[in-house]
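Numbering (the numbering used here), first residue to last: 8 to 517.
Below is one structure, written out as structure tokens; comments come after it.
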Amino acid sequence: MDESHRSGEGNQSGNQDTENTQGEADRLREAKQTKVAEKVARMDICMAEVLRATRAHQAFQNTAEALRPDFGGNFYSKSFMTEEITCFWSHSWHGGHWMKVMTLLIHYNGQAAVLFGSLFALVATVCFSLGLLPGMVRFPEAPDMQWSTWSLASGFTAAVFVLVLWRPQQLIFLDRICINNSDAEQKKASILSLGGILKRSQRLMVLWDPSWCDRLWCLFELAAFLKSKQAQKNQVLLVQPTILGPCSLINFFCVSFVMLPATTISFAGGSFGLVVPALGVVLFLLISGCFVFAVLRAYFRSLEALKERLQNISFDHCRCACCDVDHIIDQAPVLCDREIVKECVCIWFGSTEGFEDCIRSEVLEVVTSRLQDQVFTRQWILAVHIPILWAFFDFAASYALMGEYEEALPLIIEGLVIWFCCSPIFVDCITSLACRYSQKATSTCWEILTNISLVLLGSALFSVTGATYVLCQGFLPLDKNWYATAVFGCLWCILALGHFCYKASCRSHK
């Protein structure tokens, strides 16, 4: 047999040995992946040390560095062992981290901020009414009348400080804090125990942004949680869009800025002296309104994209870190997260198709309804528009200082009506407009014009409130403020009741 033939036989034998070795390695890897998936699917805790939680305020410390992907610190020392977790935070590290931070601050600190802000505003109102605080002269022809600016200012300041500095104590699970990334064995045990951790979590909070649906581990967290809470998933699954935080702060600051001139502008220059402040407010509302409509329209567009993604959801199309680096980390091969997650889902739901059907039938309805109907709620609207009430506290305190309680009490009632009845109707109209005209324009110019048109239409709706207020005050005698307040209040209470019934009817038909 010649040399070339022997060489060919050697190459063929070598290739066969390589294929056998590769096949054996693939079989071993698949067996290992199946073993890992079975461990995860049992939803057990591998070791007691991995069932950990942290206080919610720990995630906000040092400018929320634990939620910043660009910060590489170790936060494991901020967590501790526990037996049950109040809330598991599911989020994508590829979303905007500052939007997540603002949304979490609003969720955990927002209620305390509104309560303390209102308390400080009320205390300032009482103190000014008793003459314990100085006032300002706004009308030169009435130098003896002192006007209050304390309620709005103190309420706003207290709310901002509480929002930033309040320390929520709820037990939460955040992967960056509760998984020990510096200990390979503990990290491995935490990942293997992730199903058990989710099983022992009372609620799952999805911090939703458009990148969340594309991440494999986010879908795994949802699948594990749904499996462990099948009977009560509607009550324990909380979906919070990360846009909620910026929208809340923008609304709160805008309302405060608009109400501030109403309590501070001096009328010393007559009508001409009001032109510059009025133009400033109008310009601010135009710019901020365009921004708000642009954000809201983009949000509703993203909801339509979410519906399409959930309807066509597939584990094969989701991204995971190991596949992005071709299953090589630190020059060493690693198991495929995608295959492990798919094995777990097959154990829980029978097949990946079973889980995908669950997503399309049940989760799609829950998630989209909450993102569309349960984000800008009445409670949220009242919270971000509370500066309206604080400003009317200032008006009432100014009259109470002079002992004119028949002028002061109607002002408080009118403030309550505008805050409690008018604001929800107005905001609902704004969000409905943004949803109806959410489709992106064909060019940037048309996009800007669309936003400006919506701002003008929204301003027309807002002017209805002012028009009814002026009409009620103008057509009734000046010494009959109680009559004007009663007419104004009854009118808007009837409209608010009709609006509430209409919304309830729409929800029942969905």
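Here a beta-carbon is modelled for each residue, glycine too, at the ideal position from N, C-alpha and C.
task: Determine the extent of the beta strand (DSSP E) in which P248 is found, giving its start and end residues.
output: L244 to P248
Close-in-space but distant-in-sequence residues of the same chain around D9 (CB under 8 Å, 5 per side omitted): Because the pLDDT at D9 is just 44, under 50, the model does not fix this residue reliably, and the value given afterwards should be weighed accordingly. Excluding sequence neighbours, D9 sits near nothing in its chain.
**Prompt:** Between A196 and C53, which are expected to be in contact by the criterion C-beta below 8 Å, what is the C-beta distance as a whole number of angstroms?
**Reply:** 4 Å
Unbroken stretches of the alpha helix (DSSP H), 4 residues or longer, contained in the stretch 51-82 | 68-71
* To do: Give me the Cβ distance between Q193 and V57, rounded to the nearest whole Å; I'm assuming they're in contact under 8 Å.
  => 7 Å
**Message:** Is the beta carbon of K234 closer than 7 Å to that of W96?
**Reply:** no
Alpha carbons only, please: which of S368, E413, T70 and S445 is nearest the one belonging to A301? S445
Margin query: Between which residues of its own chain and C353 is the CB-CB distance below 7 Å, once the five residues before and five after are set aside?
Written below: T359
### Message
Assuming contact is defined by CB atoms lying nearer than 7 Å, are L178 and L211 in contact in what I supplied?
### Response
no
For P217 versus H64, is the C-beta distance shorter than 7 Å? no
Discussion item. Quick check for students: name the residue ranges of the alpha helix (DSSP H) that lie wholly in the stretch 193-226, counting only runs of 4 or more.
Written reply: 201-206
| task | Determine which residues share a DSSP beta bridge with L178 and list them. | result | R62
TODO: Rounded to whole angstroms, what's the CA-CA distance from K349 to A166? Just pull it up for me.
DONE: 46 Å
**Prompt:** Considering only residues of the same chain and omitting the five flanking positions on each side of K107, which have a CB-CB separation below 7 Å?
**Reply:** L74, H98, L214 and T249
Worksheet item: Among the residues of its own chain, which have a CB less than 6 Å from the CB of F400, if the five just before and after it don't count?
Response: A128, T132 and S158
Query - Element boundaries [alpha helix (DSSP H), containing C261] - result: L251 to T271
_S405 and S86 closer than 7 Å at C-beta_ = no
- Query: Which residues in the same chain as W489 place their Cβ atom closer than 8 Å to its Cβ, once the five residues preceding and following it in sequence are excluded?
  - Reply: E413 and P417
> Is the distance from the Cβ of I184 to the Cβ of F298 below 7 Å?
Replying inline: no
| task | Please report how far the alpha carbon of E315 lies from the alpha carbon of C220, in whole angstroms. | result | 11 Å
Distance between beta carbons of I113 and L251, contact taken as under 8 Å: 6 Å
Exercise. Work out the CA separation of T475 and Q247 for me, nearest whole Å.
Key: 36 Å
Spatial distance of I437 from P431 (CA atoms): 10 Å
Report the option in W499, G465, S460 and L464 whose CA atom is closest to the CA atom of C479. W499
Under DSSP, the alpha helix (DSSP H) around W387 begins and ends at which residues?
R385 to V391
(message) Tell me the rounded alpha-carbon separation between G102 and I501.
(response) 43 Å
- Query: Do you know offhand how far A48's Cα is from G202's?
  - Reply: 7 Å
- Query: Run through DSSP, which three-state label would S11 get?
  - Reply: Confidence at S11 is low in this model, with a pLDDT of 42, below 50, so its placement is unreliable and the value that follows should be read with caution. S11 falls in the helix class under three-state DSSP.
Can you tell which of A448, L172, S439 and R443 has its C-alpha closest to the C-alpha of M109? L172
- Task: Kindly list the residues whose CB is nearer than 6 Å to the CB of R13, restricted to its own chain and excluding five residues on each side of it in sequence; keep chain order.
- Result: Residue placement at R13 is poorly supported in this model, since its pLDDT is 37, which falls under 50; the coordinates still yield a value, given next. Hits under 6 Å: none found.
For this session: Provide the residue(s) that pair with S97 in DSSP beta bridges, ordered along the chain.
Result: V213
- Query: Using DSSP with H/G/I as helix, E/B as strand and the rest coil, what is W154?
  - Reply: strand
For E37 and S11, the rounded distance between their alpha carbons: Residue confidence is low: S11 scores 42 on pLDDT, short of 50, so the model does not pin down where it sits. Its coordinate-derived value is still stated next. Spanning the two alpha carbons is a distance of roughly 39 Å.
Exercise. Looking at the structure shown, is I186 part of a helix, part of a strand, or coil, going by DSSP?
Worked result: coil
What are the start and end residues of each continuous beta strand (DSSP E) run of 3 or more residues lying completely inside the stretch 406-432, in chain order?
none
Please return the same chain residues whose Cβ sits closer than 7 Å to the Cβ of G17, not counting the five positions on each side in sequence. With a pLDDT of 46 at G17, under the threshold of 50, the modelled position of that residue is not reliable, and the figure given next carries that caveat. No residues qualify anywhere along the chain.
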